[in-house]
Structure formats: structure tokens, C-alpha cells
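Trainee:
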Amino acid sequence: MNIKCPQCDFENEEGSKFCKNCNAPLSKQDYSKDNPYIKKRGNKDQPFKLISDEEVKAETEGEKYKRLNLEYGKLLENPDSNFKLIEKYRKELGKIENNWVNRNLKGIELEKEGKIDKAMKLYEKNIEEEFDGSHPYTRLAIIYSKKGLLDDEIRVLKKAVWVFDNVVYKERGDRSQTLDKFKKRLEKANKKRL
Numbered sequence: 003m004n005i006k007c008p009q010c011d012f013e014n015e016e017g018s019k020f021c022k023n024c025n026a027p028l029s030k031q032d033y034s035k036d037n038p039y040i041k042k043r044g045n046k047d048q049p050f051k052l053i054s055d056e057e058v059k060a061e062t063e064g065e066k067y068k069r070l071n072l073e074y075g076k077l078l079e080n081p082d083s084n085f086k087l088i089e090k091y092r093k094e095l096g097k098i099e100n101n102w103v104n105r106n107l108k109g110i111e112l113e114k115e116g117k118i119d120k121a122m123k124l125y126e127k128n129i130e131e132e133f134d135g136s137h138p139y140t141r142l143a144i145i146y147s148k149k150g151l152l153d154d155e156i157r158v159l160k161k162a163v164w165v166f167d168n169v170v171y172k173e174r175g176d177r178s179q180t181l182d183k184f185k186k187r188l189e190k191a192n193k194k195r196l
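Numbering-wise (the numbering used here), the sequence shown opens with residue 3 and increments by one.
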């Protein structure tokens, strides 16, 4: 069962504690009336425990990009927004986008040099970050297909379909064409499996 975010209505996977779209908490903590440091879980009172630094998950570039993009959009909608703050967000978003593009460019160079495995790692990183361009998905699908790694090819194509269906802006010109291309390729790969 998916959990809807109370702020942005994004549907998150069951068990998620924070929205993958806006990073807002998905549920409020319920504390014991007698002791505010004891969390309630169902009918049981359990002592509050601090989360260690190792347990705190670092924000990925993709998560940071989503969060900043959402905040940037809110700033643009507000006519009273500070121009310097808007510019700061735009620059930070640009840095992340440049990192993604540079990974792709470096991957292309590495492929030309015959260092396919290193290029694959860069493309995989962009896929993990839900990069909204088609290059890393296309290249990895081709590489995995040539290596005979059908499960990995299907995994990459499923992720590409999901990203172009859920992450890429609906108004983007090449979105539906690229989405159809990935769907056809995924269908073809699934037929190979049978």
C-alpha cells in the first residue's frame, strides 16, 4: 500500500518515513502522555532512542535535487521571494545537473577508451540518482544486452520507463517518444527472457 505525502500528495512506497519528492515526514510521532521522551507504537510504550550518525542516511544528489527543485518552484511562485535566494537555488540545481552531465560525458570518453566497466559505474550512478536524460539508460541497456546480462538490461529499462513516466516533466518535448522507445525495448527484452 502506498503512503501519500501530506504536503505534495506524492505516493511513496510502504515503509517510507520521508517523502521521496519533497522530503517531508510521512507520519507524526505519537508520544506517551506521561513521558514526552517515550514513543508510542501501537499499544506499547517504548523508550526513545537516539539515532547514531552511522544510521542517518546521507541525502543523495537526486534527493537533494528533488528537494531543491520543489523549494525553487515555491520561490518562483511567490512574488515576494528574495532574488538572491532564487539565484542561489538556481546555481545549486545547475551544479547537480552539471555533475550528472559530466558523468555521462566521462562515461562516453571511457567507452571510447575501451574502459566499459568504469563507464558502466558512472551510468549506474546517474540511474541511481534518477537522471532525467536518456543516455545512461540507453547505453547501459545496450552494454548489458551485448554482455548477455538480460536481468540487468531489464532492470535498467524498467527504471528508465519509471523515470520518464514519473520524474521527467510532462511538458518536455521528447518525453513521450523516449518513454515509448524504452517501453518497446523493455517488451522486447522481456520476450527474450521467455
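Every residue gets a Cβ at the ideal spot worked out from N, C-alpha and C, and that includes glycine.
From the DSSP secondary-structure annotation, give me the bridge partner or partners of Asn14.
Mentor: The residue labelled residue 14 in the question sits at position 12 within the sequence shown. Beta-bridge pairing links Asn14 to Ile5.
Trainee: In the structure shown, what three-state DSSP assignment does Lys41 receive?
Mentor: In the sequence shown, counting from the first residue as 1, residue 41 sits at position 39. Note that Lys41 has pLDDT 48, beneath the 50 cutoff, so the model's placement of it is unreliable and no number is given.
Trainee: Under 8 Å, do Gly175 and Glu132 count as touching if we go by C-beta distance?
Mentor: Numbered from its first residue, the sequence shown carries residue 175 at position 173. Numbered from its first residue, the sequence shown carries residue 132 at position 130. Contact flag unset, no.
Trainee: In chain order, what residues of the same chain lie with their CB nearer than 6 Å to the CB of Ser147, ignoring the 5 residues before and after it?
Mentor: Sequence index remark: in the sequence shown, residue 147 carries index 145 (1-based). Counting only Cβ-Cβ distances below 6 Å, and skipping sequence neighbours, we find Glu155.
Trainee: Any idea what DSSP makes of Pro138, helix, strand or coil?
Mentor: Taking the sequence shown and counting its residues from 1, the one referred to as residue 138 is at position 136. Helix at Pro138.
Trainee: Between the beta-carbon of Leu72 and the beta-carbon of Cys24, is there less than 8 Å?
Mentor: As a first step, residue 72 is located in the sequence shown; it is residue number 70 there, counting from the start. As a first step, residue 24 is located in the sequence shown; it is residue number 22 there, counting from the start. Closer than 8 Å, so yes.
Trainee: With a 10 Å radius around its C-beta and 16 neighbouring C-beta atoms as the bar for buried, classify Ile145 as buried or exposed.
Mentor: If you number the sequence shown from 1, residue 145 lands on position 143. It is buried - the Cβ of Ile145 has at least 16 other Cβ atoms within 10 Å.
Trainee: Does DSSP put Phe133 in a helix, in a strand, or in coil?
Mentor: Here residue 133 refers to the residue found at position 131 when the sequence shown is read from its first residue. In this structure, Phe133 counts as coil in the three-state DSSP scheme.
Trainee: Report yes or no: do the segment 73–82 and the segment 108–125 share at least 3 C-beta pairs separated by less than 8 Å?
Mentor: Touching, no, given that fewer than three Cβ pairs across the two stretches are closer than 8 Å.
Trainee: From Tyr139, Lys149, Gly150 and Lys86, pick the residue whose C-alpha is nearest to that of Lys185; which is it?
Mentor: Numbered from its first residue, the sequence shown carries residue 185 at position 183. Minimum Cα distance to Lys185 is reached at Tyr139.
Trainee: Under a Cβ-count criterion, where at least 16 other Cβ atoms within 10 Å of its own Cβ denotes burial, should Tyr171 be classed as buried or exposed?
Mentor: Taking the first residue of the sequence shown as position 1, residue 171 is located at position 169. Exposed is the call here.
Trainee: For Val163, is the classification buried or exposed, using 16 other Cβ atoms within 10 angstroms of its Cβ as the cut-off for buried?
Mentor: Here residue 163 corresponds to residue number 161 of the sequence shown, with the count starting at 1. Looking at its Cβ environment, which holds 16 or more other Cβ atoms inside 10 Å, Val163 is buried.
Trainee: Do you know offhand how far Gln179's Cα is from Glu189's?
Mentor: Residue 179 sits at position 177 when you count from the first residue of the sequence shown. Residue 189 sits at position 187 when you count from the first residue of the sequence shown. Distance between the alpha carbons of Gln179 and Glu189: 15 Å.
Trainee: Check the C-beta distance from Tyr67 over to Ile98 and give it rounded, since I have them as a contact under 8 Å.
Mentor: Counting from one through the sequence shown, the residue named residue 67 turns up at place 65. Counting from one through the sequence shown, the residue named residue 98 turns up at place 96. Indeed, because the Cβ distance is near 5 Å, the residues count as touching under 8 Å.
Trainee: Spatial neighbours of Ser136 within its chain, please: C-beta separation below 6 Å, excluding the five flanking residues on both sides.
Mentor: By one-based count along the sequence shown, residue 136 stands at place 134. Hits under 6 Å: Thr180.
Trainee: Tell me, please, which residues DSSP counts as bridged to Asn20.
Mentor: The sequence position of residue 20 within the sequence shown is 18, counting from 1. Reading off the sequence shown, one finds Phe at residue 20, where the question assumed Asn. Answer is Pro27.
Trainee: Let's see if you can read the secondary structure: which residues bound the alpha helix (DSSP H) around Glu73?
Mentor: The residue you call residue 73 lines up with position 71 of the sequence shown. Here the alpha helix (DSSP H) through Glu73 covers Glu63 to Glu79.
Trainee: My output table needs one value for Val170: the three-state DSSP class, helix, strand or coil.
Mentor: Working through the sequence shown from its first residue, we reach residue 170 at position 168. Residue state, collapsed to three classes: coil.
Trainee: Using only the alpha-carbon positions, how far apart do Asp152 and Glu89 sit?
Mentor: Locating residue 152 in the sequence shown gives position 150, counting from the first residue. Locating residue 89 in the sequence shown gives position 87, counting from the first residue. It should be noted that the sequence gives Leu, not Asp, for residue 152. Spanning the two alpha carbons is a distance of roughly 44 Å.
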